[in-house]
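So the protein lines, in turn, are chains A and B. When you number the first sequence by our numbering, it's gap-free, plus one each residue, and the end is 1549. When you number the second sequence by our numbering, it's gap-free, plus one each residue, and the end is 1549.
Number of protein chains: 2
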Amino acid sequence: MVPLLKPVERSAGLGEQVYHKLRALLRNGVTVAGQPLQEVQLAEQMGVSRTPVREALKRLASEGLLVSDGRSFVVPALTLDDVNDIYEIRFLVEPAAIRSIAKLTRSPQVRRSIEDALAATARAHKAGDAEAFREANVCFRAAWLALVPNPRLVRIVEQYSDHMQRIRALTLGDPEIRTTVLRGLNRITAELAAGDGDAAALAMREHLAEAKRAFIAAVGLTDNASAAGASPLHTPNRPVPDGNRPKEGRAR
Amino acid sequence: MVPLLKPVERSAGLGEQVYHKLRALLRNGVTVAGQPLQEVQLAEQMGVSRTPVREALKRLASEGLLVSDGRSFVVPALTLDDVNDIYEIRFLVEPAAIRSIAKLTRSPQVRRSIEDALAATARAHKAGDAEAFREANVCFRAAWLALVPNPRLVRIVEQYSDHMQRIRALTLGDPEIRTTVLRGLNRITAELAAGDGDAAALAMREHLAEAKRAFIAAVGLTDNASAAGASPLHTPNRPVPDGNRPKEGRAR
DNA sequence: TGTGTGGATACTGTATACATTGGGTCGGAG
DNA sequence: CTCCGACCCAATGTATACAGTATCCACACA
């Protein structure tokens, strides 16, 4: 007996809205590493006061999507060390997470959303649409994550996926890499359909390994000084919109 | 070449201080599950305005140490499901983290802080001091975590350890359990000294398994209705300090 | 006596005013 | 010409005022 009057969609607080807006901004890679995010500026751009903006910035910073540069917040410039660290986390949690849903995905209607996302990914690949491919990729992850029973595990996976998603445009622009990624997703989905958790975890591990390899290779072409492991991976490649100069030296 | 002049400890903002104060409160188990934390009340208790308090509460909530109950925040009552979820995370990350430092801990002076903490733990055990034991336990973890090169991994470990630490007093009050814990720490330290990462990881895994088993057993005695997996593990066992009545019926 | 409605109250969400600090620039002296 | 210092501005940290809303209690009516 589903209640016919679903509770009124009270638009969540402004802080929440601002948070999601900024997070989407970061995930889509619209922002530039080193670009400072200032309360007043964002507040007037979004037509709210500083308070919700401040709240959202703090929250993003506590999740690592922003770093504190002295007083304000900047988009972090990921170093090769950072990428290694992030993938170390992902290697730990994502295979385990995918393993935990393999029991469920034997059932076709449970697999439904995953296979829809996979189909969307394949369509985007066929169309050669890098942007749609990236989005479908996000949907695929969201689809299988929705089945993971451990919400804390979901949270970790989402968090560190988002960290990479921000700079994923660098690799997914290459059609060849897209082919590899799609193959990985296909294999993961197949193992899920078979209900074999260990095989799905293994597929995920190899998928991650491919993604990491591709990423480092792609970056190696752009930034060949990364052997030292301390150079920022993507320096601003277009002029910063505002008059702020992004200082390269990081305070940490 | 560690910088000899560590940056002067400028007393961070009030928000930071309030955050650490509240976090310590939660970690020491002073608070009671279901107890609402209200901005005005905390603000006047600590002599600051609502703004820093609000900031700290949001931050704690984003880390899962508090949950949003309608509008305000309450100390979460961990269910058996929660404990299972938390330990699933810990099983994933802590063995990996300890493995990553085994290369370093061959050197005695690197092991120094760990063995100091271990010695403190042994002393507390001999003295039968449960409180000191718990603190030394925290120090032990802090000591080895300080060596983990991946800061994001450190963050995750700290976060989910703290979740358990809040209710750890339940198990560490038992001398027998303390004996088991101390044996686990001894073994971990020994494997670290040998520089055997895999063995250290295994030791950690078994240590965690023991801790989890002890915890569930201890709780099973206290709260025998937990078989359903949805009952709060520790209900308020003493009157709430202030005049607030903790409403048992939660709005959700 | 029970239920429903209305008001009062207390809390959070948001905005804004004020304080403080850090950086940048301009001017003067060596 | 360069370097140092002081002032100014801008951005954040903090406090507080205001608004909205949910909860609780009391009172009235069935």
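Note that beta-carbon positions come from the ideal geometry of N, C-alpha and C, so glycine has one too. If you're wondering where the values come from, they're calculated on a predicted model, not measured in any experiment.
The beta carbon of residue 1477/B sits closer than 6 angstroms to the beta carbons of 1507 from its chain, once the five residues preceding and following it are set aside; these are given in chain order.
Within chain A, the C-beta atoms nearer than 7 angstroms to that of residue 1393/B come from 1389, in chain order. Of all alpha-carbon atoms in 1383/A, 1513/A, 1510/A, 1498/A, the one lying nearest the alpha-carbon of residue 1395/A is that of 1498/A. Using a Cβ-Cβ cut-off of 7 angstroms, residue 1483/B is close to nothing in chain A; its nearest Cβ partner there is about 26 angstroms away.
Taking a Cβ-Cβ cut-off of 8 angstroms, the neighbours of residue 1359/A in chain B comprise 1356, 1359, 1360, given in sequence order. When secondary structure is reduced to three states using DSSP, residue 1445/A falls in the coil class, being assigned neither helix nor strand.
In this structure residue 1509/B is buried. Its beta-carbon is surrounded by 16 or more other beta-carbon atoms within 10 angstroms. Counted as a single uninterrupted DSSP element, the beta strand (DSSP E) harbouring residue 1366/B occupies residues 1364-1366. At a cut-off of 9 angstroms between beta-carbon atoms, residue 1325/A makes no contact with chain B. One finds 1393, 1397, 1447, 1449, 1450 in chain A with Cβ atoms closer than 9 angstroms to the Cβ of residue 1385/B, taken in chain order. Per DSSP, the continuous beta strand (DSSP E) segment holding residue 1369/B begins and ends at 1369-1371. Uninterrupted alpha helix (DSSP H) stretches at least 4 residues long and entirely within the stretch 1462-1506 of chain A occur at 1466-1469, 1472-1491, given in chain order.
Neighbours of residue 1382/A in chain B, taken as residues at a C-beta separation under 9 angstroms, are given in chain order as 1446, 1447, 1448, 1449, 1450. For residue 1336/A, no chain B residue has a Cβ inside 9 angstroms of its Cβ, as the nearest lies near 13 angstroms away. Listed along chain B are 1386, 1453, each with a C-beta nearer than 8 angstroms to that of residue 1453/A. Per the C-alpha coordinates, the member of 1439/A, 1402/A, 1461/A, 1332/A positioned closest to residue 1379/A is 1461/A. Boundaries of the alpha helix (DSSP H) around residue 1381/B: 1377-1396.
The Cβ of residue 1432/B sits no closer than 9 angstroms to any Cβ of chain A. 1436/B is the residue among 1436/B, 1426/B, 1473/B whose C-alpha sits nearest the C-alpha of residue 1412/B. For residue 1352/B, the residues of chain A that pass the 7 angstroms Cβ criterion are 1355, in the order they occur in the chain.
Spatial neighbours of residue 1383/B in its own chain (CB-CB distance under 7 angstroms, excluding positions within 5 residues in sequence) are listed in chain order as 1457, 1460, 1461. The closest CA to that of residue 1505/B, considering only 1403/B, 1454/B, 1340/B, is found on 1454/B.
The beta carbons of residue 1363/B and residue 1354/B sit about 6 angstroms from each other, so the pair counts as a contact at 8 angstroms.
The continuous stretches of alpha helix (DSSP H) do not include residue 1426/A, and DSSP gives it neither H nor E.
The Cβ atoms of residue 1440/B and residue 1432/B do not sit closer than 9 angstroms to each other. Around the beta carbon of residue 1495/B, a 10 Å sphere encloses fewer than 16 other beta carbons of the protein chains shown; the residue is thus reported as exposed. Between the C-alpha atoms of residue 1452/B and residue 1381/A there is a straight-line separation of about 16 angstroms. By a beta-carbon distance limit of 8 angstroms, residue 1516/A contacts residue 1467/A. Their separation comes to about 7 angstroms. Assignment of beta-bridge partners to residue 1333/B by DSSP yields 1371/B. Judged by their CB atoms, residue 1356/A and residue 1316/A are nearer to each other than the 9 angstroms cut-off.
Per the C-alpha coordinates, the member of 1493/A, 1428/A, 1417/A positioned closest to residue 1463/A is 1428/A. Within the same chain, 1433, 1436, 1437, 1440 come within 7 angstroms of residue 1414/A by CB-CB distance, once the 5 residues on both sides are set aside. By the neighbour-count definition (other C-beta atoms within 10 Å, threshold 16), residue 1360/A is a buried residue. A residue is called buried once 16 or more other Cβ atoms fall within 10 Å of its Cβ, and residue 1333/A is buried on that count.
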